[in-house]
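Down below is the structure, laid out as structure tokens.
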Amino acid sequence: MRIPSSRYGAGGVFTVLNPATGRAVTDVGLADLGETDAAIDRAHRVYPAWRAIAPGERARLLRSFASVVEAHIDELAALEVANAGHTIGNARWEAGNVRDVLNYYSASPERHFGKQIPVPGGVDVTFHEPLGVVGIIVPWNFPMPIAGWGFAPALAAGNTVVLKPAELTPLTAMRLGELALEAGLPEGVFTVITGKGSVVGDRFVTNPLVRKVCFTGSTDVGKGIMRGCADQIKRVTLELGGKNANIVFDDADLEAAAAAAPGGGLDNAGQDCCARSRILVQDTVYERFLELLQPAVEAFRVKDPNVEDAEMGPLVSAKQRDSVAAHLEGADIAFRGQIADGADRDGGFWLAPAVVLPRDAADPVWSQELFGPVLAVMPFRDEADAIAKANDTAYGLSGSIFSRDIGRALRVARGVESGNLSINSHSSVRYWTPFGGFKQSGLGRELGPDAPDSFSEVKNVFISTTY
């Protein structure tokens, strides 16, 4: 496994740990304020040349980047297993998602159309003008895909990018920065800066050369970024927290819904803003659903993430594991999953999945985003009660509805205040459809055909024909 090298270090050193073992993987140098400003300045200086590249050539370079990522899928996946504790199957998908997103947005430079608008006395046309330098702040839960969701459409629209990975999980982003250069992207067009959020991330907000900040992370930090960007009228895209509902009606295929529930809430050890961690079950089938859910959770394969059939690995850090475990103290735990033999339970950051029966809607396991392998189950009476309980949260990112009555499912989907809903499925993210949240789950949309629009300004030009 190739460990990428850090080009920074004036801000100190951070030791990256393997979550499955707790052992050190490598030390990564951290940028200080001066190094951060220098990287932003380089991106600003190369921006005019990058935006001036012919659309077809920019498209070719993005396809080349995708091809280089494709050639390094297994390497990137192994790095993510060691760096973030993701299962090897998930990590391969995540690296492949970076490739797919690059390929998808490589079509954009030649198709980012303006409009010709009918006006009296002349011709009116619009252009999509890039913003300049875009700062992207990536979380630790999905380091590769979320990086790609930001940098691919930003580069396609003609911007340059500076990207800060999370301190805990910087390695795959660092490697992607190296692969971008191998693919032929000019130096400074895509730069990965390792460092603390309080240094690098804050400087993305305050440096006037950065014209947009994309942030994925906690709602509290996102609010601070939004406040800071307001001083410069700087654009933001925010993808923040989630406390998502999985609504199961009495006419659903209960066996299928129960079998799917662990994957919907325990994937990536529950460290997923889209995790369906609140399960709402119609009261007439509540007990039966719990009977079906127990064997599904107990069979969910929690094991060494390097093993091919692993479905869940460790949490990302001891701090995260301990935070989630603290919420289980005193909780009414109905049953738990198991950690398979072979996992380093003593050294790694492991926590067995838990299914909890909350006392009421104010119970922290029901109301707070725990970001761990915890499913909370509560009954509801009817459609109106299901919608009310699902919406009783500050968040609104995703959710699922299980019912054989598609009319009912669509009514409920329209009533639930979330940005991404699935019917008889837990799918949340497809790179060709928009992704983002309602309420305190965020601002703006990523992915989908319109993503390059959020990295550009519309310029209107009127040409007089009567002059």
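Residue numbers for the sequence shown follow our numbering, beginning at 976 and rising by one.
Just so you know, even glycine gets a beta-carbon here, dropped at the ideal spot from N, CA and C.
These numbers were taken from a predicted model, which means no experiment stands behind them.
Whose C-beta lies closer than 6 Å to the C-beta of residue i among residues of the same chain, with five residues either side of it excluded?
i: glutamate 1010; result: Tyr983, Ala985
i: alanine 1066; result: Ala1052, Glu1055, Val1056
i: alanine 1129; result: Val1109, Val1136, Phe1430
i: cysteine 1189; result: Ile1111, Gly1125, Thr1212
i: valine 1433; result: Thr1101
i: valine 1404; result: Phe1410
i: threonine 1144; result: Asn1058, Ala1059, Trp1115, Pro1118
i: glutamate 1273; result: Gly1312
i: asparagine 1435; result: Thr1101
Rank the options by C-alpha distance to the C-alpha of residue i and give the top, closest one.
i: serine 1193; options: Arg1383, Pro1333, Pro1023, Ile1112; result: Ile1112
i: leucine 1345; options: Val1331, Arg1356, Glu1358; result: Val1331
i: alanine 999; options: Leu1005, Asp1007, Thr990, Ala1006; result: Thr990
i: isoleucine 1254; options: Pro1270, Pro1237, Met1149, Asn1395; result: Pro1237
i: glycine 1417; options: Thr1440, Ala1369, His1401; result: Ala1369
i: aspartate 1002; options: Gln1269, Glu1142, His1061; result: Glu1142
i: serine 981; options: Leu1146, Glu1050, Ser1039; result: Leu1146
i: glycine 1110; options: Val1137, Ser1429, Leu1213, Pro1120; result: Val1137
i: histidine 1103; options: Asp1242, Phe1430, Phe1437; result: Phe1430
i: arginine 1263; options: Ala1231, Glu1392, Thr1169; result: Ala1231
i: alanine 1024; options: Pro979, Gly1107, Gly1004, Asp1007; result: Gly1107
i: proline 1409; options: Lys1209, Leu1396, His1401, Ser1400; result: Leu1396
i: aspartate 1206; options: Phe1224, Ala1046, Val1185; result: Val1185
i: arginine 1210; options: Val1436, Asp1428, Arg1386; result: Asp1428
i: aspartate 1226; options: Asn1399, Ala1293, Leu1268; result: Asn1399
i: arginine 1242; options: Phe1275, Ala1014, Asp1279; result: Rather than arginine, the amino acid found at residue 1242 in this sequence is aspartate. Of Phe1275, Ala1014, Asp1279, the residue nearest in Cα terms is Phe1275.
Check residue i in the structure and name its three-state DSSP category.
i: threonine 1194; result: helix
i: glycine 1004; result: strand
i: methionine 1464; result: For residue 1464 there is no data in the structure shown, the boundaries of the chain being 976 and 1442.
i: histidine 1302; result: helix
i: glutamine 1091; result: strand
i: asparagine 1395; result: strand
i: methionine 976; result: coil
i: isoleucine 1063; result: helix
i: arginine 1311; result: strand
i: leucine 925; result: A question about residue 925 goes unanswered here, because the residues of the chain that appear run from 976 up to 1442.
i: arginine 1086; result: coil
i: asparagine 1072; result: helix
i: asparagine 1221; result: strand
i: proline 1427; result: helix
i: leucine 1385; result: helix
i: arginine 1296; result: helix
i: threonine 1441; result: coil
i: aspartate 1099; result: strand
i: arginine 931; result: With the chain running from 976 to 1442 in the structure shown, residue 931 is simply not present.
i: valine 1211; result: strand
i: valine 1174; result: helix
i: valine 1180; result: helix
i: leucine 1422; result: coil
i: glycine 1107; result: coil
i: glycine 1288; result: coil
i: glycine 1412; result: coil
i: arginine 1379; result: coil
i: glycine 1216; result: coil
i: arginine 1405; result: coil
For residue i, which residues of its own chain have a beta-carbon under 8 Å away from its beta-carbon, when the five flanking residues on both sides are left out?
i: alanine 1082; result: Ala1034
i: valine 1340; result: His1302, Leu1303, Ala1306, Val1331, Pro1333, Val1349, Ala1351
i: valine 1299; result: Gly1245, Leu1290, Leu1326, Leu1345, Phe1346, Gly1347, Pro1348, Val1349
i: threonine 1440; result: Gly1096, Gly1097, Val1098
i: serine 1270; result: It should be pointed out that residue 1270 corresponds to proline in this sequence rather than to serine. There are no such residues.
i: valine 988; result: Asp1002, Val1003, Gly1004, Leu1005
i: arginine 1150; result: Arg977, Pro979, His1047, Glu1050, Leu1051, Leu1054
Considering only heavy atoms of the ligand GDP, does any lie closer than 6 Å to the CB of residue i?
i: alanine 1235; result: You won't find the ligand GDP in this model; it holds no ligand whatsoever.
So, at 7 Å on beta carbons, what are the nonlocal neighbours of residue i in its own chain, with the 5 sequence-adjacent residues on each side left out?
i: glycine 1071; result: Ile1048
i: arginine 1356; result: Asp1258
i: leucine 1077; result: Leu1037, Phe1040, Ala1041, Val1044, Gly1123, Ala1127
i: phenylalanine 1413; result: Gly1371, Glu1392, Ser1393, Gly1394
i: isoleucine 1438; result: Gly1097, Val1098
If we cut at 7 Å on Cβ distances, does residue i have a partner in chain C?
i: leucine 1151; result: No chain C appears in this structure, which consists of one protein chain only.
- Query: Do three or more CB pairs link the stretch 1308-1324 to the stretch 1216-1234 at distances below 8 Å?
  - Reply: Too few Cβ pairs lie closer than 8 Å, so no.
- Query: If we count Cβ pairs, one from each stretch, closer than 8 Å, do we get three or more for the stretch 1201-1211 versus the stretch 1366-1382?
  - Reply: Taking 8 Å as the limit for Cβ pairs, the verdict is that the stretch 1366-1382 does not touch the stretch 1201-1211.
- Which whole runs of the alpha helix (DSSP H) in the stretch 1225-1285 are 4 residues long or more, in chain order? Within the stretch 1225-1285, the complete alpha helix (DSSP H) runs of at least 4 residues are 1229-1241, 1261-1273.
- Quick one: complete alpha helix (DSSP H) runs, 4+ long, within the stretch 980-1043? If we require 4 residues or more, the alpha helix (DSSP H) runs fully inside the stretch 980-1043 come out as 1008-1027.
- In chain order, each alpha helix (DSSP H) run of at least 4 residues that lies wholly inside the stretch 1109-1164: Listed in chain order, the complete alpha helix (DSSP H) runs (minimum 4 residues) inside the stretch 1109-1164 are 1118-1131, 1146-1157.
- Would you call the stretch 1122-1135 and the stretch 1417-1429 in contact, with 3 or more CB pairs under 8 Å? Between the stretch 1122-1135 and the stretch 1417-1429 there are three or more C-beta pairs closer than 8 Å, enough to call the two in contact.
- Is the number of C-beta pairs between the stretch 1157-1170 and the stretch 1078-1095 that are closer than 8 Å three or more? The stretch 1157-1170 is not in contact with the stretch 1078-1095.
- Query: Which whole runs of the beta strand (DSSP E) in the stretch 1323-1374 are 3 residues long or more, in chain order?
  - Reply: The qualifying runs are 1329-1331, 1349-1355.
- Query: Three or more C-beta pairs closer than 8 Å, one from the stretch 1149-1157 and one from the stretch 1175-1188: is that the case here?
  - Reply: Short answer: they don't touch.
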